[in-house]
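Asks:
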Amino acid sequence: MIIFTRLRYLLKTLAVGWMSLFCLSAMAQNTGTVRGKVLTANAHPLTQVGVRIVGTRLGTITNDAGEFVIDAVPAGQQVLIISRVGHSRIRQTVSVVAGETTQVPDLTMLENAEQLDEVVVEGKNSYKTDIPSASLRLKTPLLEVPQNIQVVNRQLLADQQIFDMLEGVSRNVSGVTRQEHWDNYARLNMRGSRVAPFRNGMNVQSTWGPLAEDMSMVERIEFVKGPAGFMMANGEPSGFYNVVTKKPTGVTRGEAAFAIGSFDTYRATLDLDGKLSQDNRLLYRLNLMGQSKGSFRDFEFNNRYTIAPVIKYKINDQTSITAEYTYQYSQMSAIGSAYVFDANGLAKQPRNATNSFANLDPSVIHDHSAFLIFEHQISDTWKLTGQLAYFNYSQVGSSLWADSAKTDGRIYSYNGIWDAANESKFGQIFVNGEVATGPVVHRILGGLDLGNKKYMADWNQSFPLYDSTFVFNSNSPNYYLPAHLIPKFDRSTSLRARAGVNVMSQSFSGLYVQDELRFWQDRIRLTLAGRLTTAKDSEYGAATSETKFTPRVGISGSLNKQTSIYALYDQAFVPQSGTDKQGKGFDPITGNNLEAGLKKDWADGRWNSTVSVYKITKNNVLTTDPTNPNYSIQLGQTQTQGVEVDVRGELVPGMNLVVNYAYTDGKITKDTKSENVGLPVPGFSKHVTNAWLSYRLRRGALQGLGVSLGYQWQLDRYGWFADAVDDKPTMPNTFRLDGALSWQNNRVSIALNVNNILDAYLYSGAYYSWSKAYYWQAEAPRNFRLSLGYKF
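If you count by mature numbering (1 follows the signal peptide of the UniProt record, and there is no 0), then the sequence shown holds residues -28 to -1, 1 to 764, one letter each, in order.
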């Protein structure tokens, strides 16, 4: 009954919106529809072609069948501009009749070799991205989406020589910080809490995972800030990042690269893209990577390889199936070996200090994932997408931590078994389409999400790495454990038997409907949407089940074709286990996001800026019951608010820039203990600013030479896992300077990157009361990477 009541509420909300806008749109002028098809010189469909109408904000890109449709086009003579990288631009005049569809004759685009050559020298992908990936489900340009979405594209990842998600991806988006933790996954925080990891539109977050993606298989990373009901509702309200993997393009090409770097780093990659059939229906993509990487800390390493094949079959011009498999292997030193402990304070030991040992067994991770994607263009304006995904992660290893530390340098550490398995299954089906009611265009999105995750781990065996004859001392370290102290874990029974209650599972289903109403020639866009989610969680034997409706309302308006303003309300929730002293279960935490912003394209769209302000309020947070400290009650509340600025793109020909700034302030606003009100929430820096500027010469004797310079600067830092005792920052400010020199032509590229040029001692950590010690992880000192690439 509750479900039907909420559905009726959603339908009423949508109906009111439709009726209101229908009345408002009565003043709009008569419009029609323009449709057409773009072909190659060989009469094959040409996808990802930009089509826009001169003098308006109207435009789109062609689909896999080479087709395009533009609605709400003003009646009369209109001029189409058809453009694609590496092709000659087409200018086509059409006559639009009100209330009718104008069919444009098939358009043939010819390749332009001169343009291709120039694009290669300039770096054919600037740092700016205009359209979200298909896995984000939105068919709206980022400029018009009523939410702050930032994209880190392939060109930027390559220029910074980022190898995986642990290596500085966060610097390219305002307010995102990487929190120190185990080295097997990336824990990123934004807007006051952890950011959920997605891959190709699937929420793959697990208790300690997933394994950090290697960049050899990644096309782009999309950061969606704040709750996003069109993707999920059950999770932290900070947002998520979506890793989009490489797919076949239908263009036969390849690229091989080799890199060496500090700390015995060696890496090789191969990217093959092409066709397996002459009719262009069977396409493939294959990415391979192998890496051996040491560390500035002794006995620390991470050796990896990745295999990522993708096959796409076009059944016809409207239907395709894509099958993708990824295998990632990692052999690394004991998890947690990057942590250093000291009773005297943070960073009291040399930067290259380690509390690990040379004769501990490594940890090994096998990460398998598979996707099956079905796409069908139902009509010119409607598309159906279905996805299935399977993830299987296994880990055999151990972790290091400290029981305690003494002021004389003694560290009493232990090594605990950490064997784990994670299995996840996902299914999605969604439809995108457009309908018009008079001059109002409705951009519809509806879908169903299903997921099931299960994680289990053996943490039940641990061995002290000390006794009466041996204790590690950081002042006179001995990095070889005596033979009798080397842990001997019992793996004679199955992981499930050894895990005991250390099992966490989640199953969820979500039904989502969104109507983006576009009127007055797309100058005003109103989003009315809602998601009905059922989530069942189980942790350590305690289970919860929640069914919740979360609304989404957004409005975006275009001041001109380069500038838009927006406002948004969206909501997320986090289930909570346990009961109060009356035995009543707890309601989920709700996270409400209020956001407003301004987006603008500059210099004919070569670069853009986004400014946003937000406030996220989390209600129903558990706090101590003042009448019985052994229980909790739901009177807690936290608020995180801030300002974010992102600028990215090509300032002048050959010069690309990413610069961002974020002010974040997160505090406890309600608590049964008055002394806690006003304390900071963990895991944010109050001020974060980053920049990366790259310039490449386009002509002359030094054509292809490039230089880059960037910084990362964080002030007023609060650790994510700290014992807050006052409102003072728990870590010092950090500043890091990086740079690069490079050269490239159509085939060959050479790049030298130097990180931490100033050789600053950079670290993250806090005081941990259980160990009565400070812990921290240090970043690498000045280091380099030299890469050589060849395209064929």
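For every residue, glycine included, the Cβ atom is placed at its ideal position computed from N, Cα and C. Nothing here was measured: the structure is a model prediction, and the numbers come from that model.
Where does Asp391 fall in DSSP's three states?
Replies: As a first step, residue 391 is located in the sequence shown; it is residue number 419 there, counting from the start. Strand.
Asks: Below 8 Å CB to CB, which residues in the same chain sit around Asn705 once its five sequence neighbours on both sides are set aside?
Replies: On the sequence shown, position 733 is the one that residue 705 refers to. Contacts found: Trp685, Gln686, Leu687, Asp688 and Arg689.
Asks: Does Asn628 pass the burial test, meaning 16 or more other C-beta atoms within 10 Å, or should it be called exposed?
Replies: By one-based count along the sequence shown, residue 628 stands at place 656. Answer is buried; the Cβ neighbour count reaches 16.
Asks: For Pro753, which of helix, strand or coil comes out of DSSP?
Replies: Position 781 of the sequence shown, counting from 1, holds the residue named residue 753. DSSP places Pro753 in coil when its eight states are reduced to three.
Asks: Could you name the residues that DSSP lists as bridge partners for His338?
Replies: Mapped onto the sequence shown, residue 338 falls at position 366. Its beta-bridge partners are Tyr301 and Ser366.
Asks: Could you give the C-beta distance for Asp552 and Asn592, rounded to a whole number, given that I count them as a contact under 8 Å?
Replies: Taking the first residue of the sequence shown as 1, we reach residue 552 at position 580. Taking the first residue of the sequence shown as 1, we reach residue 592 at position 620. No, Asp552 and Asn592 are not in contact; Cβ-Cβ is about 12 Å, not under 8 Å.
Asks: Based on the DSSP secondary-structure assignment, which residues constitute the bridge partners of Ser249?
Replies: In the sequence shown, residue 249 corresponds to position 277, counting from 1. DSSP lists no partner for Ser249.
Asks: Quick check: what's the CA-CA separation for Arg253 versus Thr32?
Replies: For the purposes of this step, residue 253 is taken as residue 281 along the sequence shown, with counting starting at 1. For the purposes of this step, residue 32 is taken as residue 60 along the sequence shown, with counting starting at 1. Distance between the alpha carbons of Arg253 and Thr32: 24 Å.
Asks: Using the Cβ count rule (16 or more neighbours within 10 Å means buried), how would you classify Glu94?
Replies: Looking up residue 94 in the sequence shown gives position 122. Low local confidence applies: a pLDDT of 34 at Glu94 is under 50, so the model's placement there is unreliable, and no value is given.
Asks: In three-state terms, what does DSSP make of Met261?
Replies: Along the sequence shown, one-based indexing puts residue 261 at 289. If DSSP states are grouped into helix, strand and coil, Met261 belongs with the strands.
Asks: In chain order, what residues of the same chain lie with their CB nearer than 6 Å to the CB of Arg61, ignoring the 5 residues before and after it?
Replies: Locating residue 61 in the sequence shown gives position 89, where the first residue counts as 1. Only Ser55 meet the Cβ criterion.
Asks: Helix or strand or just coil, what does DSSP make of Tyr747?
Replies: As a first step, residue 747 is located in the sequence shown; it is residue number 775 there, counting from the start. Here Tyr747 sits in strand by DSSP.
Asks: Helix, strand or coil: which one does DSSP assign to Met189?
Replies: By 1-based counting over the sequence shown, the position of residue 189 is 217. Three-state result, Met189: helix.
Asks: Any contact of the segment 512 to 531 with the segment 210 to 227, i.e. 3+ C-beta pairs under 8 Å?
Replies: With a cut-off of 8 Å, the segment 210 to 227 and the segment 512 to 531 do not count as touching, because too few Cβ pairs lie within range.
Asks: Any C-beta of chain C sitting closer than 9 Å to the C-beta of Leu422?
Replies: Included in the structure is just one protein chain, with no chain C present.
Asks: Starting from Lys642, follow its DSSP beta bridges and name the residues at the other end.
Replies: One-based indexing of the sequence shown puts residue 642 at position 670. Lys642 pairs with Gln609.
Asks: Taking Met304 as the reference, which of Gly48, Asn387, Asp439 and Asn156 has the closest Cα?
Replies: Here residue 304 refers to the residue found at position 332 when the sequence shown is read from its first residue. Of the candidates Gly48, Asn387, Asp439 and Asn156, the one whose C-alpha sits nearest the C-alpha of Met304 is Asn156.
Asks: Where does the unbroken alpha helix (DSSP H) through Leu129 begin, and where does it stop?
Replies: Within the sequence shown, numbered from 1, the residue matching residue 129 stands at position 157. Looking at the DSSP string, the run of the alpha helix (DSSP H) that includes Leu129 is Arg126 to Asp131.
Asks: Would you please state the rounded distance, in angstroms, between the beta carbons of Leu372 and Asn327? I believe it to be under 8 Å.
Replies: Mapped onto the sequence shown, residue 372 falls at position 400. Mapped onto the sequence shown, residue 327 falls at position 355. Confirmed, about 7 Å.
Asks: Can you tell me where the beta strand (DSSP E) with Leu467 in it begins and where it stops?
Replies: Sequence index remark: in the sequence shown, residue 467 carries index 495 (1-based). Here Leu467 belongs to no beta strand (DSSP E); instead the alpha helix (DSSP H) covers Leu467 to Ala471.
Asks: Ordered along the chain, which non-local residues of its own chain (more than five positions away) have a Cβ less than 6 Å from that of Leu129?
Replies: Here residue 129 corresponds to residue number 157 of the sequence shown, with the count starting at 1. If we look at Leu129 and ignore the five residues flanking it on each side, its Cβ neighbours are Met187.
Asks: Pop quiz: Asn387 and Leu332 are said to be a contact at Cβ under 8 Å. What is the actual Cβ separation, rounded to whole angstroms?
Replies: In the sequence shown, the residue the question calls residue 387 occupies position 415. In the sequence shown, the residue the question calls residue 332 occupies position 360. Going by Cβ atoms, the distance from Asn387 to Leu332 rounds to 7 Å, so yes, they are a contact pair.
Asks: Could you give the residue range of the beta strand (DSSP E) that holds Thr506?
Replies: Taking the first residue of the sequence shown as position 1, residue 506 is located at position 534. Residues Ile496 to Glu511.
Asks: Would you mind listing the alpha helix (DSSP H) stretches within the segment 431 to 489 that are 4+ residues and don't spill past its ends, in chain order?
Replies: The segment 431 to 489 contains these whole alpha helix (DSSP H) runs: 467 to 471.
Asks: Whole angstroms is fine: what's the gap from Gly201's alpha carbon to Ile640's?
Replies: Along the sequence shown, read from residue 1 onward, the residue named residue 201 stands at position 229. Along the sequence shown, read from residue 1 onward, the residue named residue 640 stands at position 668. Going by the C-alpha atoms only, they are around 25 Å apart.
Asks: Assuming Asp637 and Gly614 form a contact by the criterion Cβ under 8 Å, report the distance between their Cβ atoms to the nearest whole angstrom.
Replies: As a working mapping, residue 637 is identified with position 665 in the sequence shown. As a working mapping, residue 614 is identified with position 642 in the sequence shown. 6 Å between Cβ atoms; contact.
Asks: Could you give the distance in angstroms between the alpha-carbon of Ile112 and the alpha-carbon of Val145?
Replies: As a position in the sequence shown, residue 112 is number 140, starting the count at 1. As a position in the sequence shown, residue 145 is number 173, starting the count at 1. Residue identity check: residue 112 is Thr in the sequence provided, not Ile. Rounded to the nearest angstrom, the two C-alpha atoms are 21 Å apart.
Asks: Using a Cβ-Cβ cut-off of 6 Å (strictly less than) and excluding sequence neighbours within five positions of Gln64, which residues of its own chain qualify?
Replies: In the sequence shown, counting from the first residue as 1, residue 64 sits at position 92. So the list reads Leu52, once near-sequence residues are dropped.
Asks: Using alpha carbons as the reference points, say which of Thr612, Gln611 and Thr596 lies closest to Ile605.
Replies: For the purposes of this step, residue 605 is taken as residue 633 along the sequence shown, with counting starting at 1. Of the candidates Thr612, Gln611 and Thr596, the one whose C-alpha sits nearest the C-alpha of Ile605 is Thr596.
Asks: Since Ser549 contacts Lys571 with CB under 8 Å, what's their CB separation in whole angstroms?
Replies: Reading the sequence shown from its first residue, position 577 is the one you call residue 549. Reading the sequence shown from its first residue, position 599 is the one you call residue 571. Actually they do not touch by this definition, with Cβ atoms about 40 Å apart.
Asks: Does Gly317 pass the burial test, meaning 16 or more other C-beta atoms within 10 Å, or should it be called exposed?
Replies: Residue 317 sits at position 345 when you count from the first residue of the sequence shown. Exposed: under 16 other Cβ atoms inside 10 Å.
Asks: Measuring only the C-alpha atoms, how far is Ser680 from Asn718?
Replies: Position 708 of the sequence shown, counted from the start, is the residue given in the question as residue 680. Position 746 of the sequence shown, counted from the start, is the residue given in the question as residue 718. Each residue's Cα considered, the two are about 20 Å apart.
Asks: Can you tell me which of the three DSSP states residue 777 falls into?
Replies: Because the chain spans -28 through 764 in this model, residue 777 falls outside it and cannot be assessed.
Asks: Verify whether the separation of the beta carbon atoms of Pro118 and Thr499 is less than 9 Å.
Replies: Your numbering for residue 118 matches position 146 in the sequence shown. Your numbering for residue 499 matches position 527 in the sequence shown. In contact: Pro118 and Thr499 (Cβ atoms closer than 9 Å).
Asks: Helix, strand or coil: how does DSSP classify Asn275 here?
Replies: Taking the first residue of the sequence shown as position 1, residue 275 is located at position 303. Strand, per DSSP.
Asks: With a CB to CB cut of under 6 Å and the five nearest residues on each side skipped, what residues in its chain are close to Phe230?
Replies: Counted from its first residue, the sequence shown places residue 230 at position 258. Answer for Phe230: Ala240 and Leu760, listed in chain order.
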